[in-house]
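> The numbers in this note's numbering rise by one with no breaks, and the one at position 75 of the sequence shown is 75. Sharing a structure, written as structure tokens. Questions coming.
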Amino acid sequence: MKIGLISDLHVEASEANRVLVAFLIDTIKAAELDVFILAGDVTPKLSEFYEVLGEFNNADLTCQKLFVPGNHDIWVSKDANMTSEQKCRVISEICQDHGFYSLIDAPCIIEEIGFCGTIGWYDYTFASNKYDFSTEQYVEKQLMGTVWNDKRYARWAETDQKVAHRFENELNKQITFLKDKVQRIIVVTHHVPFRECIRYRGELPWDYFRAFYGSEGLGMLCLQEPLVTHALFGHVHYAVNQQVKNVKAICAPIGYLYEQPTEGLQAYAEESLACFSLAIA
Ligand SMILES: [Fe+2]
Ligand SMILES: [Fe+2]
1 MKIGLISDLH
11 VEASEANRVL
21 VAFLIDTIKA
31 AELDVFILAG
41 DVTPKLSEFY
51 EVLGEFNNAD
61 LTCQKLFVPG
71 NHDIWVSKDA
81 NMTSEQKCRV
91 ISEICQDHGF
101 YSLIDAPCII
111 EEIGFCGTIG
121 WYDYTFASNK
131 YDFSTEQYVE
141 KQLMGTVWND
151 KRYARWAETD
161 QKVAHRFENE
171 LNKQITFLKD
181 KVQRIIVVTH
191 HVPFRECIRY
201 RGELPWDYFR
211 AFYGSEGLGM
221 LCLQEPLVTH
231 ALFGHVHYAV
241 NQQVKNVKAI
251 CAPIGYLYEQ
261 PTEGLQAYAE
271 ESLACFSLAI
281 A
């Protein structure tokens with residue numbers, strides 16, 4: 001089974017980000033994938049989200065398409081009459097309309113391989129060890145004039161820690177559901193599951209914001225279940241392909257294309273899509 005992963009399309013960021021989608025679709029077709037996974041941060045704008053998923057749908061890809069939302073996808077504007085929980089439900093409906101399987105609603109099994117997923121969130125367990133900020137300071141999501149924009153646009157009903165733990169619990173339930181039914185399990189999150197995958201810079205304000213990258217609990221769930229062989233994620237805008245104990249951690253983001261990639265959009269799409277093959281017994 002050939003699996004392809006991409007995240008952080010951020011089509012709202014620039015014209016190049018938006019135009020890249022067509023090149024990415026061509027790349028996915030050429031890769032002859034069995035499963036394509038989109039791990040969040042498509043765009044905060046619902047109309048644009050609908051349009052982009054529609055573009056994938058209209059391309060008549062033969063592979064299965066799986067999705068988890070990112071933090072930017074669940075952002076709501078101040079005057080919108082909607083919470084992030086409600087936006088998650090709208091996103092799932094759009095996925096359904098466009099042939100994407102929304103992993104946050106239920107896990108799925110494809111040829112004896114289980115796929116499960118959650119957006120994940122952060123509980124500050126990835127806070128830098130070098131600094132001694134209090135929980136209250138992380139709750140602020142603001143340092144030295146820079147704001148983590150979830151503060152402005154994410155609208156959950158609970159604290160960050162409760163949201164993170166709720167998503168961890170949902171993931172745990174999915175893994176439990178799958179484990180006596182499949183040969184192996186692939187976990188998909190938007191937020192980062194392992195501290196080992198975070199690049200700390202040893203400087204502020206940068207390392208303060210690492211606290212908003214993910215939660216240790218996501219990774220622990222992956223490591224404690226021997227059937228989990230891969231943890232796929234997004235959110236950080238650098239590629240990761242790293243073995244963390246018995247789990248392969250992969251991130252394959254597009255990121256913000258404020259300048260055209262020098263190698264051209266087609267080549268950029270090709271080098272960004274992470275592909276790997278799994279043997280099926
Ligand atoms: Fe992102
Ligand atoms: Fe993100």
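Heads up, the beta-carbon is just placed ideally off N, CA and C, and yes, glycines get one too.
(1) In this structure, does DSSP put residue 114 in helix, strand or coil?
(2) Does the count of Cβ pairs from the segment 98-116 and the segment 128-146 closer than 8 Å reach three?
(3) For the beta strand (DSSP E) holding residue 4, just list the boundary residues, first then last.
(4) Pull every residue with its beta-carbon under 5 Å away from any heavy atom of ligand 2, and keep them in chain order.
(5) With residue 119 and residue 40 assumed to form a contact (beta carbons below 8 Å), what rounded beta-carbon distance in angstroms separates them?
(6) Does the beta carbon of residue 191 fall short of 7 Å from some heavy atom of ligand 1?
(7) Check whether the Cβ atoms of residue 24 and residue 6 sit closer than 8 Å, and answer yes or no.
(8) Does the beta-carbon distance from residue 274 to residue 250 come in below 8 Å?
(9) With respect to the alpha helix (DSSP H) encompassing residue 262, which residues constitute its N-terminal and C-terminal limits?
(10) Please identify the residue among 191, 208 and 276 whose C-alpha is closest to the C-alpha of residue 230.
(11) Can you look up residue 142 in the DSSP assignment and give me helix, strand or coil?
(12) Do the segment 52-59 and the segment 70-89 meet, that is, are 3 or more Cβ pairs less than 8 Å apart?
(13) Beta-carbon separation of residue 84 and residue 164 under 8 Å?
(14) Would DSSP call residue 66 helix, strand or coil?
(15) Do residue 256 and residue 133 have their C-beta atoms within less than 8 Å of each other?
(16) Between residue 98 and ligand 1, is there a pair consisting of the residue's CB and a ligand heavy atom that are separated by less than 7 Å?
(17) Return the bridge partner residues of residue 230 from the DSSP annotation.
(18) Could you tell me which residues DSSP pairs with residue 243 in its beta bridges?
(19) Identify, in the order they occur along the chain, each residue of the same chain with its Cβ nearer than 7 Å to the Cβ of residue 11, setting aside the five sequence neighbours on each side.
(20) Would the beta-carbon of residue 34 fall within 8 Å of that of residue 1?
(21) In or out: residue 343 buried (at least 16 other Cβ within 10 Å) or exposed?
Taking the definition as stated:
(1) Reading the sequence shown from its first residue, position 114 is the one you call residue 114. It is a strand residue.
(2) no
(3) Here residue 4 is taken as the residue at index 4 of the sequence shown, counted from 1. It spans 2-6 - the beta strand (DSSP E) in which residue 4 sits, taken as one unbroken run.
(4) 41, 70, 71 and 235
(5) Position 119 of the sequence shown holds residue 119. Position 40 of the sequence shown holds residue 40. With 8 Å as the limit, residue 119 and residue 40 qualify as a contact, their Cβ atoms being about 6 Å apart.
(6) The residue given as residue 191 occupies position 191 in the sequence shown. Because no heavy atom of ligand 1 lies under 7 Å away, the Cβ of residue 191 does not count as near it: no.
(7) Taking the first residue of the sequence shown as 1, we reach residue 24 at position 24. Taking the first residue of the sequence shown as 1, we reach residue 6 at position 6. Closer than 8 Å, so yes.
(8) Here residue 274 is taken as the residue at index 274 of the sequence shown, counted from 1. Here residue 250 is taken as the residue at index 250 of the sequence shown, counted from 1. Yes, the pair counts as a contact, with Cβ atoms nearer than the cut-off.
(9) Position 262 of the sequence shown holds residue 262. Element bounds for residue 262: n/a, residue is neither H nor E.
(10) By one-based count along the sequence shown, residue 230 stands at place 230. Ranking the options by Cα distance to residue 230, first place goes to 276.
(11) Counted from its first residue, the sequence shown places residue 142 at position 142. Three-state result, residue 142: strand.
(12) no
(13) Locating residue 84 in the sequence shown gives position 84, where the first residue counts as 1. Locating residue 164 in the sequence shown gives position 164, where the first residue counts as 1. No, the Cβ-Cβ distance between residue 84 and residue 164 is not below 8 Å.
(14) Here residue 66 is taken as the residue at index 66 of the sequence shown, counted from 1. Strand, per DSSP.
(15) As a working note, residue 256 is residue 256 in the sequence shown. As a working note, residue 133 is residue 133 in the sequence shown. No; because the gap between Cβ atoms is not below 8 Å, this pair is not in contact.
(16) Here the question's residue 98 lines up with position 98 in the sequence shown. Outside the cutoff, so no.
(17) Within the sequence shown, residue 230 is the residue found at index 230, counting from 1. Looking at the DSSP assignment, residue 230 forms a beta bridge with 186 and 248.
(18) For the purposes of this step, residue 243 is taken as the residue at position 243 of the sequence shown. Per DSSP, 248.
(19) Locating residue 11 in the sequence shown gives position 11, counting from the first residue. These residues qualify, in order along the chain: 17, 18, 21, 42, 43, 48 and 52.
(20) As a position in the sequence shown, residue 34 is number 34, starting the count at 1. As a position in the sequence shown, residue 1 is number 1, starting the count at 1. Yes, these two residues count as a Cβ contact at 8 Å.
(21) Outside the displayed range of the chain (1 to 281) lies residue 343, so it cannot be described from this structure.
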